[in-house]
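What follows is a short report on a single structure.
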Amino acid sequence: MTSDERRTDSGIVIQPVYDDADLADFDAEAELGRPGQYPYTRGVQSTMYRGRLWTMRQYAGFGTAAATNQRFKFLLAAGQTGLSCAFDLPTQMGYDADHVRAEGEVGKVGVAISSLHDMRDLLADLPLDQVTTSMTINATASTLLLLYQLVGEEQGVSGGQLRGTIQNDILKEYVARGTYIYPPRQSMRLVVDTFDYCAKEMAQWNTISISGYHIREAGSTAVQEIAFTLANGVAYVEAAIAAGLVLDDFAPRLSFFFNAHNNLFEEVAKYRAARRLWASIMRDRFGATDPRSMTLRFHTQTGGSTLTAQQPENNIVRTTIQALAAALGGTQSLHTNGFDEALGLPTERAAKLALRTQQVLGYESGIADTVDPLAGSYFVESLTNEVERLARDYVEAIDALGGAVAAIESHYMQDEIESAAYEFARQVDRGEKVVVGVNRFEESDATKAEVFPIDEEQQRAQIARVKALKTARDDEGVRAALEELGSAARGTQNVLYPMKTALSRMATLGEVADVLRAEFGVYTPS
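So for the sequence shown, our numbering puts the first residue at 5; every next one is plus one.
Rendered as structure tokens:
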């Protein structure tokens, strides 16, 4: 790269000036359209934020269910408009709090949920017929979904009334994150069973949030983020159709989850390109006829990997830029990171300030007053076109390998992400990429930020709670229900129905996962 050359984070060359010549072949009617209409470049609703602001959904979860319930109430009282739950690593990996492999991790990076008792405490006094809840969970997504439904039913709220999202995107775990349990093809069985179950029992629930967020956190470029995410989306659609599900029955409940980084205009272009590319895939490749099947609805979280432990207050500015990009790009919901998250879980002060950042953008900045305010910009439209072109090239390359599952098994996506991450790190080391406070404008006597305290007593209490549950319940009823689950897993029955019965009888999350481990096997990467 020459001294006067500028590139986006994806390596797209930025011209000094853009004009109509850069859009000479641009068909505005076909490639831009109107907001709320195919190809949805300008947004999935005709009025966007003039009708209603994006959902302000702050991610929260730590310690016990009761502790996280108090954080939920704190955020709702501060004006949050939706819940988003983080689970600890044992819960994500299918282990109860009293399992030997959970030692030292209970409640640390999220809330510990081992049973229906825990889910009751998590949702205590929260009106599930009014609030929407997002749960960032993948390998054990079906289990957490059913626990949520059981608590809703105890509140008198039917499954059909419950609204929210489970991430349930297992493919990106093999690519970027690592919280998988079962081999990819067996994991896809669980995803498809969840699609089928929700179509029949929880029609308003978003059955998957196909996630580019963690792909970006692992070091991908913006182009790779949407390309690999949409390729995974294609794999889920194909698997559901192969299982006999009708496209326009399940596709309207698919949703997506993207990252927001610091390159403002590339991020805006990324969201617009993703909508257009997904619309064309669903219409032209799969033959979707319901417009809802073609609309890419997405949640955004600001970039955790962009946060620095050095001069952590600078992260407030980074998060604001990233949140602005998400809103200008037409997100449906948004989480803004706490400025102290490079040091630990967000403190209450940081969590409230992150929420206030969204509220200032939504109510004071004017960006919500018109739909797609950057549309027609020579630069933005040119960048949108280029991001889409490069992403489509990646999708076609993955198709040539046999699809996303085959591309994961051959390590194609992982290698591409690792190469991008390595190149970015080299650019930072060489000073070509400036990170304020890290490789330029450093300070030797930076102020120390408050760090969220880890309460060891909460871990001990959760372990004792699980042991007490296993002592007090009807073991014979639990054992019979788990045997039914194993039988369903060996056959072709939808496993969520016997799983729900087992959970209602107080089988634990770990016991359910152990049954499926025995039937599906455990994935070990080569």
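All residues carry an ideal CB built from backbone N, CA and C; glycine is no exception.
Within a 10 Å sphere around the beta-carbon of D376 sit 16 or more other beta-carbons, which makes this residue buried. For I212, the enclosing beta strand (DSSP E) stretches over residues 212-215. Here G111 has F66, G67, T68, D92, Q462, Q463, Q466 as same chain residues with Cβ atoms under 7 angstroms from its own Cβ, once five neighbours each way along the sequence are excluded. In summary, P502 is buried, with 16 or more beta-carbon neighbours lying within 10 Å of its beta-carbon over all protein chains present. In the three-state reduction of the DSSP assignment, R276 falls in the helix class.
Counting the other CB atoms within 10 Å of its CB gives Q62 a total of 16 or more, which places it among the buried residues. The alpha-carbon of M123 is positioned some 24 angstroms away from that of H303.
Per DSSP, the beta bridge partners of C89 are A64, M139.
Taking the C-beta atoms as reference points, Y44 is found no nearer than 8 angstroms to R220. T361 and T324 have their C-alpha atoms roughly 6 angstroms apart. Under DSSP, S337 shares a beta bridge with T59, H303. A direct Cα-Cα distance of roughly 18 angstroms separates F254 from T233.
It is roughly 41 angstroms from the alpha-carbon of V439 to the alpha-carbon of R289. Look at V384 here: in three-state DSSP terms it is helix. When secondary structure is reduced to three states using DSSP, V115 falls in the strand class. In this structure Y367 is exposed. Its beta-carbon is surrounded by fewer than 16 other beta-carbon atoms within 10 angstroms. In chain order, D197, D200, Y201, A492 place their CB closer than 8 angstroms to the CB of N498, counting only its own chain and leaving out the 5 sequence neighbours on each side.
By a beta-carbon distance limit of 8 angstroms, N263 contacts E229. Their separation comes to about 6 angstroms. Between the C-alpha atoms of F383 and D373 there is a straight-line separation of about 22 angstroms. Nearest Cα to A64 within the set R494, K437, G370, L127: L127. Ranked by how close their Cα comes to the Cα of G514, the residues I117, G435, A25, A71 have I117 in first place.
Residue burial is scored here from C-beta neighbours: S530 has fewer than 16 other C-beta atoms within 10 angstroms and is therefore classed as exposed. Shown here for A82: same chain residues with a beta carbon closer than 6 angstroms to its own, the five before and five after excluded, namely K356, L359 in chain order.
Within the model, the alpha-carbon separation for R521 versus S508 is close to 20 angstroms.
Rounded to the nearest angstrom, the gap between the Cα atoms of M52 and I412 is 36 angstroms. Under the three-state reduction of DSSP output, I371 falls in the coil class, being neither helix nor strand.
Here the alpha carbons of D403 and A410 stand approximately 9 angstroms from one another.
If you look at S191, you'll find it in the alpha helix (DSSP H) that goes 188-205. For R444, the three-state secondary structure derived from DSSP is strand.
Between R396 and the set Y426, A277, L79, K471, the nearest pair of CA atoms involves A277. Remark: three or more beta-carbon pairs, one from each stretch, lie closer than 8 angstroms, so the stretch 96-113 and the stretch 182-195 are flagged as touching.
Boundaries around G168 are those of the beta strand (DSSP E), 168-170, since no alpha helix (DSSP H) includes it. Counting of Cβ neighbours within 10 angstroms places R301 among the buried residues, the total reaching 16 or more. Sequence-distant Cβ neighbours of N73 in its own chain, meaning closer than 8 angstroms and more than five residues away, are D125, L126, L127, A128, D129, L130. Boundaries of the beta strand (DSSP E) around A264: 258-264.
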